[in-house]
Amino acid sequence: MKGKLYGIGVGPGDPELLTLKAKRIIEEADVVAVPVKKPGELSVALEIAKQSAVIPEEKIREIEFTMNKDKAKREACRKKAAGEVMDLLEEGKTIAMLTLGDIGIYSTYAYVHKIIVKAGYDVEMISGIPSFCAGASKANISLTEGNEGLGVIPSLRGIDQVEKALDVFDNLVIMKVGNHVEEVYELLESKGLAENGIVVSNVGMEDEYVGPLLPEREYGYFTTIIVKKEL
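For the sequence shown, this note's numbering begins at 1 and goes up steadily by one.
Here is the structure:
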């Protein structure tokens, strides 16, 4: 009998935000698959899960996902990763693959999910709390009210795309913005919205920052800006 794959969102950082369902499945799984950029790399998602779920070292399986700029190499690596997962499924293993935040929002898991679903295997996605939802709660703000719209976009698409999204939505979540804070700040300032940008960085982690957008401050990779046109 073939096994089953679970894609599991572990939340943004605080281990207490790991859902009870995620905890149960992680502990019941035969294999805990951990996406890494290179073998031996520290996995933030795994470290979060370990603080709330019991995960024996022998259950952990690293799955490599290269960040090479060459698209062909990235796709080849993803196919290889999916192949490794399918080999385990053929052995009848139940697999829990971990990812930060929610499983359906810019998750590494998505790259293998489509391949494995297409191949006919049994899969299930387990939601986790997205960083921008946890961050909004930390900042004591709502993401949407009444008939307001909400957009979610990565800054990697370019500042022009961020501007277009800002013109469309009442509230905007700009993810993966660590290296583009100054650009976003300048855009918001040009629109009179500089004070409407709220930064949520490393939510639930030791160096968490939730507060106003300060362009001179250094921010890490896990940084998101929430823009509310009406505060």
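Where is the CB? At the ideal position from N, CA and C, for every residue including glycine.
Values in this document were obtained by computation on a predicted structure and should not be read as measured data.
{"Check": "Boundaries of the alpha helix (DSSP H) in which Asp122 is found, first to last residue", "Outcome": "Asp122 -> not in any alpha helix (DSSP H); beta strand (DSSP E) instead, spanning 122–126."}
{"Check": "Classification of Gly40 by the beta-carbon crowding that lies within 10 angstroms, buried from 16 upward", "Outcome": "exposed"}
{"Check": "Under 7 Å between C-beta atoms of Gly135 and Val200", "Outcome": "yes"}
{"Check": "Simplified DSSP state of Lys228, which is helix, strand or coil", "Outcome": "strand"}
{"Check": "Which of helix, strand or coil DSSP assigns to Glu62", "Outcome": "strand"}
{"Check": "Proximity below 7 Å, CB of Met86 to CB of Ala33", "Outcome": "no"}
{"Check": "Terminal residues of the beta strand (DSSP E) in which Gly211 lies", "Outcome": "209–212"}
{"Check": "Own chain residues within Cβ distance below 8 Å of Glu163, not counting five before or after", "Outcome": "Leu187"}
{"Check": "Spatial distance of Arg74 from Ile55 (CA atoms)", "Outcome": "29 Å"}
{"Check": "Span of the alpha helix (DSSP H), counted from its first residue to its last, around Tyr109", "Outcome": "Unbroken run through Tyr109: none, as it is neither H nor E."}
{"Check": "Range of the contiguous beta strand (DSSP E) that encloses Val152", "Outcome": "150–154"}
{"Check": "Cβ distance (whole Å) where Val227 is taken to contact Gly197 below 8 Å", "Outcome": "5 Å"}
{"Check": "Backbone CA spacing between Glu233 and Glu148 [nearest angstrom]", "Outcome": "What is shown of the chain runs 1 to 231, which leaves residue 233 out entirely."}
{"Check": "Residue environment, Gly158, which counts as buried when at least 16 other CB atoms sit within 10 Å", "Outcome": "exposed"}
{"Check": "Residue range of the beta strand (DSSP E) that includes Leu172", "Outcome": "171–175"}
{"Check": "Close Cβ partners of Val168 (< 8 Å) along its chain, the five nearest in sequence each way excluded", "Outcome": "Gly149, Gly151"}
{"Check": "Three or more C-beta pairs below 8 Å linking the stretch 118–133 and the stretch 206–219", "Outcome": "no"}
{"Check": "Cross-strand partners of Val32 (DSSP beta bridge)", "Outcome": "Ile60, Ala96"}
{"Check": "Helix, strand or coil at Lys71 according to DSSP, with G and I counted as helix", "Outcome": "helix"}
{"Check": "Endpoints, alpha helix (DSSP H) assigned at Gly135", "Outcome": "131–138"}
{"Check": "Spatial neighbours of Asp316 in its chain, beta-carbon cut-off 6 Å, leaving aside the 5 residues before and after", "Outcome": "The displayed coordinates of the chain run from 1 to 231. Any statement about residue 316 would go beyond what the structure contains."}
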